[in-house]
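Working notes for the structure below.
2 protein chains.
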Amino acid sequence: MATDPDRPGFLLPLLLLAGFRTLIDDLHAELARQGHPELRPLHGFVLQAVGADGTTATELGQRLGISKQAAGKTVDRLVALGYLERADDPRDARRKLVRMTPHGLDGLRRSAIVFDQLRQRWADALGPDRVAAMEDDLRAVAPANWFRLDVPGWFGG
Amino acid sequence: MATDPDRPGFLLPLLLLAGFRTLIDDLHAELARQGHPELRPLHGFVLQAVGADGTTATELGQRLGISKQAAGKTVDRLVALGYLERADDPRDARRKLVRMTPHGLDGLRRSAIVFDQLRQRWADALGPDRVAAMEDDLRAVAPANWFRLDVPGWFGG
DNA sequence: GTACGATCGTCAACGTGGTTGTCCAAATGG
DNA sequence: CCATTTGGACAACCACGTTGACGATCGTAC
Numbered sequence: 411m412a413t414d415p416d417r418p419g420f421l422l423p424l425l426l427l428a429g430f431r432t433l434i435d436d437l438h439a440e441l442a443r444q445g446h447p448e449l450r451p452l453h454g455f456v457l458q459a460v461g462a463d464g465t466t467a468t469e470l471g472q473r474l475g476i477s478k479q480a481a482g483k484t485v486d487r488l489v490a491l492g493y494l495e496r497a498d499d500p501r502d503a504r505r506k507l508v509r510m511t512p513h514g515l516d517g518l519r520r521s522a523i524v525f526d527q528l529r530q531r532w533a534d535a536l537g538p539d540r541v542a543a544m545e546d547d548l549r550a551v552a553p554a555n556w557f558r559l560d561v562p563g564w565f566g567g
Numbered sequence: 411m412a413t414d415p416d417r418p419g420f421l422l423p424l425l426l427l428a429g430f431r432t433l434i435d436d437l438h439a440e441l442a443r444q445g446h447p448e449l450r451p452l453h454g455f456v457l458q459a460v461g462a463d464g465t466t467a468t469e470l471g472q473r474l475g476i477s478k479q480a481a482g483k484t485v486d487r488l489v490a491l492g493y494l495e496r497a498d499d500p501r502d503a504r505r506k507l508v509r510m511t512p513h514g515l516d517g518l519r520r521s522a523i524v525f526d527q528l529r530q531r532w533a534d535a536l537g538p539d540r541v542a543a544m545e546d547d548l549r550a551v552a553p554a555n556w557f558r559l560d561v562p563g564w565f566g567g
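Just so you know, the sequences run in chain order V and P.
Counting from 411, one number per residue, gives the positions in the first sequence under the numbering used here.
Counting from 411, one number per residue, gives the positions in the second sequence under the numbering used here.
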């Protein structure tokens, strides 16, 4: 096996988590400055999953890999914060459409901009090729887990 | 800013999370096969923080960046699962020492071995230099957030 | 030796994010 | 027309975190 004692295997996940956490913390520090102090890390992913076209609670649950009940409760909280709103579907009285409010759209747009700025900051520090290499390598070893965002339940169980 | 449209900034955190998640999922799939099916991702970090020498709930909370109450409750669950045990401190009747059981030590030892194997698998797939470069780069941009493990509360809020 | 402040552990109440089970209303399809 | 499926909501529960309060114990200053 010949494991390098200077690079124990358990450091790799900690570094990946630290990198993720650094980006998310920097994002939300900047979003708080730009008028979104109440947005939590999880919320950004939910807004991304709702998308500009809106969706329903059940479909949202499927996208995020959680139950429709959990999706519904999360929508409740984001409605209370003013990021989402519900509306009736005129063509199906069972469905309740979930869409972004202007405030939610603003948050989503700003998130994309700040993420681009943060990636640029990493490119300035490491070199653009190194960041691209990191992305390519991660894409190669981490199959598309991208949209599974049940992080709290997954981690804690 | 000249952001490459093929590499939007929001992908970087998703890839880091996917990489972390892949490693942790692979670890726990293997641990489940080796006699630890009940260990959750969070638990491994807690065992690591307890260490072979044992500690107390308050000190554990400080290491993990959570309150002493939350640390105490987590210890309760790991005691119920047989990974930790409590003992009185003969020199201070206020303190309750928290130490690993043999089962806990076994889990911790196996985790280290599996993490080494997983890192080796990445090195085989990407090349040893690429994995080392990823580690070095992450260390450069992500300051030592390593031991903040309040992930569920941090993420969900 | 006693009284005081600091520390450790615990209990209680609560918020957030998940789960499963149940149930009703509405759509769908034979 | 009726049976089945589907969407949403409600209830009960668990994991993990928080703050506040409270005994019990230790250390120290007097």
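Quick reminder that beta carbons are idealized off the backbone N, C-alpha and C, glycines included.
- Message: At the level of alpha carbons, what is the spacing between ARG549(P) and LEU528(P)?
- Response: 19 Å
- Task: Assign ALA459(V) to buried or exposed, taking buried as 16 or more other Cβ atoms, counted over all protein chains shown, within 10 Å of its Cβ.
- Result: buried
- Query: Which term fits ALA462(V), buried or exposed, when burial requires 16 or more other beta carbons within 10 angstroms of its beta carbon?
  - Reply: exposed
- the stretch 424-436 of chain V in contact with the stretch 421-428 of chain P per 3-pair CB rule at 8 Å: yes
- Task: Kindly list, in the order they appear in chain V, the residues whose Cβ is closer than 9 Å to that of GLU545(P).
- Result: ARG417, LEU421, LEU422 and LEU425
- Determine which residues share a DSSP beta bridge with THR511(V) and list them. Paired residues: none, contrary to the question.
- Give a yes or no on whether the minimum CB-CB distance between PRO512(P) and chain V is below 8 Å. no
- Message: With DSSP as the reference, identify every bridge partner of GLU495(P), one or two as the case may be.
- Response: ARG509(P)
- Looking only at C-alpha atoms, which of VAL551(P), ARG417(P) and THR468(P) sits nearest to TRP532(V)? VAL551(P)
- Can the beta-carbon of THR484(P) be found closer than 8 Å to that of VAL456(P)? yes
- Item | Cross-chain neighbours of ALA522(P) in chain V, by beta carbon under 9 Å | PRO418, GLY419 and PHE420
- Task: Spell out the partners DSSP gives THR466(P) in its beta bridges.
- Result: LEU507(P)
- 3-residue-minimum beta strand (DSSP E) runs that sit fully inside the stretch 426-490 of chain V, ordered along the chain: none
- Task: Would you mind reading off the limits of the alpha helix (DSSP H) that contains LEU548(V)?
- Result: 538-551
- Between the stretch 504-512 of chain V and the stretch 412-422 of chain V, are three or more C-beta pairs nearer than 8 Å? no
- Query: From what residue to what residue does the alpha helix (DSSP H) around GLY563(P) run?
  - Reply: 561-566
- Query: Can you list the residues of chain V that ALA550(P) reaches, using a CB-CB cut of under 7 Å?
  - Reply: ALA535 and LEU536
- Item | Interfacial residues, the stretch 431-446 of chain V to chain P, with Cβ spacing under 7 Å | ARG431, THR432, LEU433 and ILE434
- Task: Establish whether the CB of ASP526(P) and some CB of chain V are separated by less than 8 Å.
- Result: yes
- Query: Any idea what DSSP makes of ASP526(V), helix, strand or coil?
  - Reply: helix
- Message: Please report the straight-line C-alpha distance between ILE523(V) and GLU545(V), rounded to a whole angstrom.
- Response: 19 Å
- Task: Throw me the rounded Cβ distance for the GLY464(V) and ASP560(V) pair, which I believe falls under 8 Å.
- Result: Wrong, their Cβ atoms sit about 21 Å apart, outside the cutoff.
- Item | Per-residue contacts from GLY429(P) into chain V (C-beta, under 7 Å) | LEU426, LEU548, VAL551 and ALA552
- Item | Neighbourhood of LEU491(V) by C-beta, 7 Å cutoff - its chain only, sequence neighbours within 5 removed | GLU448
- Query: Are any of the Cβ atoms in chain P nearer than 8 Å to that of ALA480(V)?
  - Reply: no
- Spell out whether any CB of chain P is found under 8 Å from the CB atom of PRO500(V). no
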